[in-house]
Every structure is written in structure tokens, then in C-alpha cells.
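**Student:** Structure incoming, see below.
In this note's numbering, the protein residues as written are 537 to 694.
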């Protein structure tokens, strides 16, 4: 009998698929998953502190030397802003918050509102060249961690 270990991986949000390149290189998603990445979000409505123009990277918290070295690297990024722990039924998770560079601020806004035709040339240059945004539908309830309809704003400032 052969034993097989399965790792349950959540389906990446569109934020993970298309915006990770605003913080990491466009091929980083698979590597981030090896360190416990659960998903990437536009916001976390369940956290008391609010961050503007940021991406939220949720990881399973691991107590290994590799994870600690990985964390030391990413918290040294210029775009790193904050992190906080989130209790989970199976342990703890950690949300890393990265501020999106001002150059991509408009692209973040456009993505959130499904206005892909307004992406800047700068963002398109760093994103996956094979990405077909005409087929993407942003379901904001999936792109925001711990989404709460009462907290969703109708208008946003740029």
C-alpha cells in the first residue's frame, strides 16, 4: 500500500493571481505557498486597524527555521507595513500587510472596481503577459478576508 500526503490548497483569489506582482515577482505565488501562503486579499474587514492601498498575504504560522528566515526576509521589504496574528481552529495564522507602491495605486483601485481597461502600462509590464483580464470577474466578497457587507463602502477616494 502506498501512502500519499495531500496538502489542501485554497483556490487563489483573483487578488493572489493578478496582484501578487505588486509586492513580489510575478512567479512568486508557488514559492509563497511552500511557506504556508493561504491566499492574498485586498483587505481584512475583521481586523480593527485599517490599512489603505495595501495587499494582505495570509499564511499558516509555522515554527520552523525556514519559515523564520522567510519572515525575516519579507519584513525587510520596503513595501512591508505590518503583520498580525489571526486565531484559527487549528492554530494560528499570520496576515502580512504590504503597502502597494504609489505607481500601482491606481491599478489597485481599478482592479477592485473591475476596471481592467484602466490598468497602467507600468502594471501591465510587471504582470503575467498571458493574463486575460477580459474573462476576470471580481467578486469583492471573495477578495476581502472576513468580508462584511456593512463595512463595504460605496465610494472610495483615490
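Using N, Cα and C, we set each Cβ at its ideal position, and we do this for glycine too. All values derive from a computational prediction rather than experimental measurement.
Residue 662 and residue 632 - do their beta-carbons sit closer together than 8 angstroms?
**Tutor:** The answer is no: Cβ separation not under 8 angstroms.
**Student:** Compare the beta carbon distance of residue 645 and residue 669 with 8 angstroms and say whether it is the shorter of the two.
**Tutor:** No, they are not a contact pair.
**Student:** Is it true that the CB of residue 595 sits closer than 8 angstroms to the CB of residue 681?
**Tutor:** Result no, Cβ atoms of residue 681 and residue 595 do not sit closer than 8 angstroms.
**Student:** What is the rounded straight-line gap between the Cα of residue 625 and the Cα of residue 605?
**Tutor:** The alpha-carbon atoms of residue 625 and residue 605 are separated by roughly 25 angstroms.
**Student:** In the DSSP assignment, the alpha helix (DSSP H) including residue 635 goes from what residue to what residue?
**Tutor:** No alpha helix (DSSP H) holds residue 635; the beta strand (DSSP E) holding it covers 627-635.
**Student:** May I ask which residues mark the beginning and end of the beta strand (DSSP E) holding residue 621?
**Tutor:** Residues 616-624.
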